[in-house]
Amino acid sequence: QKEVEQNSGPLSVPEGAIASLNCTYSDRGSQSFFWYRQYSGKSPELIMFIYSNGDKEDGRFTAQLNKASQYVSLLIRDSQPSDSATYLCAVNMGFGNEKLTFGTGTRLTIIP
Amino acid sequence: DAGVIQSPRHEVTEMGQEVTLRCKPISGHDYLFWYRQTMMRGLELLIYFNNNVPIDDSGMPEDRFSAKMPNASFSTLKIQPSEPRDSAVYFCASSFTTGPNHFGNGTRLTVT
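Rendered as structure tokens:
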């Protein structure tokens, strides 16, 4: 069983709709959760991080964390073609934030 | 802030040759990470340093791989001898203690 799992997609969403990306993790002791966006041929770029159960909003992005169910999700509202990328979920499996385990990513395509 | 700087951007070498990848972390960051990304395996952590000291090298695939961090502003990842299966994009990232990883632009390595 992989430690961090994501649906590889591709996930296609019409422009203006809500894109929902999901991630599950295996270690109940995980403390910190991150979403990275990676455009083709580029490096991962941090979008959001969340530490506590519940929702965290930043502009069009909302991260949701449910530690009891061991999942974290990312919602993108009013999706734009520029949101088309691979989204990587990363989880800290240790005590601090120093070591991250990444999922294999979900490829998102926004259809104009 | 110049970000994490990696060199070279691209490296093409023949099997059996030595390859050295270089990284300059963000000034003031105390953690440095080396990752490898392939289509098949996604983003994998190879090794990370804290205050120039290697903390966890469990992700280093074989003895052919070695990494050093002689000072706070420089790190190298060396592969000797290189093999075709080492072809991948290698990312260096740095962070400040409790912060998320900031990635460099990566080195695309091709071993023929």
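Residue numbers (this note's numbering), protein chains in the order written: chain A, 122 to 233; chain B, 2 to 113.
Built from N, CA and C at the ideal position, the CB exists for glycine as well.
I'd like to know whether the C-beta of residue i is nearer than 8 Å to at least one C-beta of chain A.
| i | result |
| --- | --- |
| ASP58 of chain B | no |
| LEU33 of chain B | no |
| GLY43 of chain B | yes |
| PHE104 of chain B | yes |
So with Cβ pairs under 8 Å, would you call residue i a contact of chain B?
| i | result |
| --- | --- |
| SER164 of chain A | yes |
| THR225 of chain A | yes |
Could you work out which residues of chain A lie near residue i, taking near to mean beta carbons separated by less than 9 Å?
| i | result |
| --- | --- |
| PRO101 of chain B | SER153, PHE155, TYR157, LEU167, PHE170, ALA211, ASN218 and LEU221 |
| ASN51 of chain B | GLU219 |
| LEU46 of chain B | LYS220, LEU221, THR222 and PHE223 |
How many angstroms separate the CA atom of residue i from the CA atom of residue j?
| i | j | result |
| --- | --- | --- |
| PRO9 of chain B | THR21 of chain B | 9 Å |
| GLN81 of chain B | LEU209 of chain A | 30 Å |
| PHE66 of chain B | ASN51 of chain B | 19 Å |
| PHE155 of chain A | ARG198 of chain A | 18 Å |
| ARG158 of chain A | GLN7 of chain B | 19 Å |
| GLY130 of chain A | THR227 of chain A | 5 Å |
Just curious, the beta strand (DSSP E) that residue i is in, first and last residue?
| i | result |
| --- | --- |
| ASN51 of chain B | 43-51 |
| ILE6 of chain B | 6-8 |
| GLY175 of chain A | 175-179 |
| MET1 of chain B | Residue 1 of chain B lies beyond the range of chain B shown here (2 to 113); nothing can be said about it. |
Mind listing the chain A neighbours of residue i? Cutoff is C-beta to C-beta under 7 Å, in chain order.
| i | result |
| --- | --- |
| GLY107 of chain B | SER164 |
At a CB-CB cut-off below 8 Å, which residues of chain A make contact with residue i?
| i | result |
| --- | --- |
| PHE92 of chain B | SER164 and PRO165 |
What distance in whole Å lies between the Cβ atoms of residue j and residue i, which are believed to be in contact at a cut-off of 8 Å?
| i | j | result |
| --- | --- | --- |
| GLY43 of chain B | THR145 of chain A | Contact doesn't hold; Cβ gap of about 15 Å is too wide. |
| THR14 of chain B | SER83 of chain B | 6 Å |
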